[in-house]
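Each protein sequence line maps, in turn, to chains R and V. When you read off a place in the first sequence, starting at 1, and then add 6, the result is the number in this note's numbering. When you read off a place in the second sequence, starting at 1, and then add 6, the result is the number in this note's numbering. For every residue, glycine included, the Cβ atom is placed at its ideal position computed from N, Cα and C. I have placed the structure first, in the form of structure tokens, so that the comments after it can refer back to it.
Protein chains: 2
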Amino acid sequence: MARVLVDVMLKPEILDPQGQAVQRALPRMGFDSVTNVRQGKRFELELEDADPATLKATAAAMAEKLLANTVIEDFEVTVLTAGGAPADTAENA
Amino acid sequence: MARVLVDVMLKPEILDPQGQAVQRALPRMGFDSVTNVRQGKRFELELEDADPATLKATAAAMAEKLLANTVIEDFEVTVLTAGGAPADTAENA
Numbered sequence: 007m008a009r010v011l012v013d014v015m016l017k018p019e020i021l022d023p024q025g026q027a028v029q030r031a032l033p034r035m036g037f038d039s040v041t042n043v044r045q046g047k048r049f050e051l052e053l054e055d056a057d058p059a060t061l062k063a064t065a066a067a068m069a070e071k072l073l074a075n076t077v078i079e080d081f082e083v084t085v086l087t088a089g090g091a092p093a094d095t096a097e098n099a
Numbered sequence: 007m008a009r010v011l012v013d014v015m016l017k018p019e020i021l022d023p024q025g026q027a028v029q030r031a032l033p034r035m036g037f038d039s040v041t042n043v044r045q046g047k048r049f050e051l052e053l054e055d056a057d058p059a060t061l062k063a064t065a066a067a068m069a070e071k072l073l074a075n076t077v078i079e080d081f082e083v084t085v086l087t088a089g090g091a092p093a094d095t096a097e098n099a
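Right, here's the structure in full:
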């Protein structure tokens, strides 16, 4: 079983109200060192075993079609080996 | 400026309806190799510069207090250097 991570973040030029809400809340809780917060989504996918290039291409196609809205979001695919170490990373940015 | 990632995922024993919805949608779109999907949150924090251990401790405290619900969620802190490479990783699992 192969594990693949897809991280989806709003593009830098897109307003992020969730991140802003967190950014405003943190100083009220005593965390004064925060200067910016962006919030996104992480998908952990379990796929049938394949070579890393195929896994990366499959996950990128899933991200393009369903997981991310590429008009306003960037995504990053990380193929994890069975041991959990990053095998390869692809970005659409 | 230091950049820190906080990844928040539901604990494995907690039901994940968002992930299940994605898992059911993918085969209908032609992606037959998917066997499991979990969906979580990713926070990209910009903090004032500090040493990696301090940054990791600060972000972990933010996660404990605000970013994650540690009753049902695990989080992972990754301190990025200025160049963007992972400097260190901490897990609460």
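Distance cut-off 8 Å: residue i Cβ against heavy atoms of the ligand GTP
| i | result |
| --- | --- |
| Ser39(V) | Within the structure as shown, the ligand GTP is missing, as the structure has no ligands at all. |
C-beta neighbour in chain V for residue i, strict 9 Å
| i | result |
| --- | --- |
| Arg30(R) | no |
| Thr64(R) | yes |
| Ala56(R) | yes |
| Leu86(R) | no |
| Ala67(R) | yes |
| Lys17(R) | no |
9 Å Cβ cutoff, residue i in contact with chain R
| i | result |
| --- | --- |
| Asp13(V) | yes |
| Leu21(V) | no |
Within chain R, partners of residue i - CB distance below 9 Å
| i | result |
| --- | --- |
| Phe49(V) | Gly25, Val28, Val43, Arg44, Gln45, Gly46 |
Candidates the options, of which the one nearest residue i by Cα
| i | options | result |
| --- | --- | --- |
| Asp80(V) | Ala59(V), Asp55(V), Gln45(V) | Gln45(V) |
| Phe49(V) | Leu53(R), Phe49(R), Val43(R), Glu54(R) | Val43(R) |
| Gln29(R) | Lys17(R), Val40(R), Gly36(R) | Val40(R) |
| Leu86(V) | Gln24(V), Lys17(V), Pro18(V), Leu61(V) | Leu61(V) |
| Gln24(R) | Ala31(V), Asp57(V), Leu72(V) | Leu72(V) |
Beta-carbon neighbours of residue i, restricted to chain R and to distances below 8 Å
| i | result |
| --- | --- |
| Leu53(V) | Ser39, Val40, Thr41 |
Should the segment 12-21 of chain R be regarded as contacting the segment 57-74 of chain R, the criterion being three or more beta carbon pairs within less than 8 Å? yes
List in chain order: all unbroken alpha helix (DSSP H) runs of 4+ residues lying wholly within the segment 8-92 of chain R. 23-34, 58-68
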